[in-house]
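Enquirer:
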Amino acid sequence: MKKNIVLFVLFVLPIVAYLFFASGVNSFTKLPVITPKVADFGNWKSLKNEKVSLDNKITILGFSGSNLLKNRGNYFNLNEKIYQRYHTFKDLQFVVVCPLGTEEQAKSLIDVLKGFTDVSQWHFVFASPEDINAYYSQLNLVGKLDKDLGTPNVYILDKERNLRGRKEKKGYKEGYSTFHPAELSNEMLDDFKVILYEYRAALKKNHNATKKL
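Per the numbering used here: the sequence shown = residues 310 to 522.
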């Protein structure tokens, strides 16, 4: 009898506990909204002179600043840790807001990424300094752009243009630093998976929903 109890504690109980916690986290976790209904880009153009919209896309949003090539390592980190794993999802896009005049820098960065990445979901859009400052201000974030109109942080926006993150007092997070690969691999990847889970759960409830994710 004692032998059976020991075997149960050593082998069966850990499996039951794992299944309970795994299903519990996935069922009840939802990434909070930091800023609801942020503005779309309007008529800002991309490198391909195309209009990029935030509507109906999960968007990873960044602000390059005027020294895009100087900070290219940040985009390589993001590309490696997040983009390459998920870029095949057609409802996902990576958008970087850049100051007018940095088009050649963005093109050079894209050309480098093309050497080892399908860059179809990377989008660089261009706007005046005034428009960039105004757009960033309406995000209502604690962090600020630097003097070059850039930040190493990137932000997660859902399909309804809500900026998502963590609201806990000790763990508040509105963006994720591309300068630190560990932060991308841990906090950002965890939160990004929550967003994907939300939409996958919605697909199961609505069989008419898009199945691109």
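C-beta: ideal position from N, C-alpha, C; glycine also. None of the values given here were measured: they were computed from a predicted structure.
1) When the distance is taken between beta carbons, is S375 closer than 7 Å to P408?
2) Using the C-alpha atoms, what's the distance from N383 back to Y485?
3) Determine, using beta carbons only, whether Q402 and K366 come nearer to each other than 7 Å.
4) Please tell me whether L377 and T411 are closer than 7 Å, where the distance is taken between their beta carbons.
5) Is it buried or exposed, K456, if we count other Cβ atoms within 10 angstroms and call 16 or more buried?
6) Flag this pair as yes or no: are the beta carbons of T338 and V503 separated by less than 7 Å?
7) If I'm right that L448 touches V347 with Cβ under 8 Å, what's the distance once you round it to whole angstroms?
8) Does the Cβ-Cβ distance between L370 and D349 come in under 7 Å?
9) Using a Cβ-Cβ cut-off of 7 Å (strictly less than) and excluding sequence neighbours within five positions of N388, which residues of its own chain qualify?
10) Which parts of the segment 328-415 are runs of the beta strand (DSSP E), unbroken and 3 residues or longer, counting only runs that do not cross its ends?
11) Assuming K482 and R475 make a contact with CB atoms under 8 Å, what is their CB distance in whole Å?
12) Roughly how many whole angstroms lie between the Cα atoms of K513 and Y392?
13) Tell me N462's beta-bridge partners as DSSP assigns them.
14) Pick helix, strand or coil for V434, following the three-state DSSP scheme.
15) Using DSSP with H/G/I as helix, E/B as strand and the rest coil, what is R470?
16) Name the DSSP beta bridge partners of R475, please?
17) Do P490 and K390 have their C-beta atoms within less than 7 Å of each other?
18) Would the beta-carbon of T460 fall within 7 Å of that of V404?
Expert: According to the structure data:
1) yes
2) 11 Å
3) yes
4) yes
5) exposed
6) yes
7) 6 Å
8) no
9) L422 and T426
10) 342-344, 367-373 and 401-408
11) 4 Å
12) 25 Å
13) S486
14) strand
15) coil
16) K482
17) yes
18) no
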